[in-house]
Structure formats: C-alpha cells, structure tokens
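Just below is one structure, and these are the notes that go with it.
In full-length UniProt numbering, the protein residues as written are 1 to 89.
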C-alpha cells in the first residue's frame, strides 16, 4: 500500500495499522463509473469515485479508485487497488 506521504507499506504494516485504528476511514458515498471484464472472463476492472472520512480529519476527501478483481475458484479476489485523492468535499 502507498501512503499519502509516499511510503510503501507491507501487508503486515497495513494490518497492524487497521488493528490500531490508524487506517479507519469510512466511505460515505461510492459511485461506480466503469466495469470492464477482460476477454478471458476471469479479470474485472472497476473504476469509480468515493468519499472517505478519516477519524484524524473531520473533512471528507473525494477520491477516484480502480479495483482489479480476479475470479479464484468460486469467489472474486481483489488483486490490485489504486485510490487517488482528488480533493476535499
């Protein structure tokens, strides 16, 4: 995971921050803008916008996101995600 200050966190670091509440934003609003399924059928790309509220900052932040899902057996797994702040709401 890339942090807002440019650091790259390992999975263990992200899980630890989630447990401590450092990463604890909630989404007030999410809008899907595009859904594309690759020809092979086992990859889906979802793009959209959301608004998150962080406990450390009362002002909502608008973001654009891209999620990449892959069908693994009987369930879909999130294999890549990117979210970029586009401004304060």
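Glycine is no exception: its CB is placed at the ideal position from the N, C-alpha and C atoms.
Inter-residue CB distance, residue i and residue j (contact presumed, cutoff 8 Å)
i	j	result
residue 47	residue 33	5 Å
Where the alpha helix (DSSP H) containing residue i begins and where it ends
i	result
residue 14	11–20
For residue i, the first and last residue of its enclosing beta strand (DSSP E)
i	result
residue 50	43–54
residue 62	57–72
Identity of the residue in the options nearest residue i by Cα
i	options	result
residue 73	11, 41 and 6	41
Contact with chain B by residue i, beta-carbon distance below 8 Å
i	result
residue 72	Absent here is chain B; the protein component of the structure consists of one chain.
Residue burial classification, residue i (beta-carbon count within 10 angstroms, cutoff 16)
i	result
residue 63	buried
residue 52	buried
residue 76	exposed
residue 58	exposed
residue 55	exposed
Bridge-paired residues (DSSP) for residue i
i	result
residue 80	68
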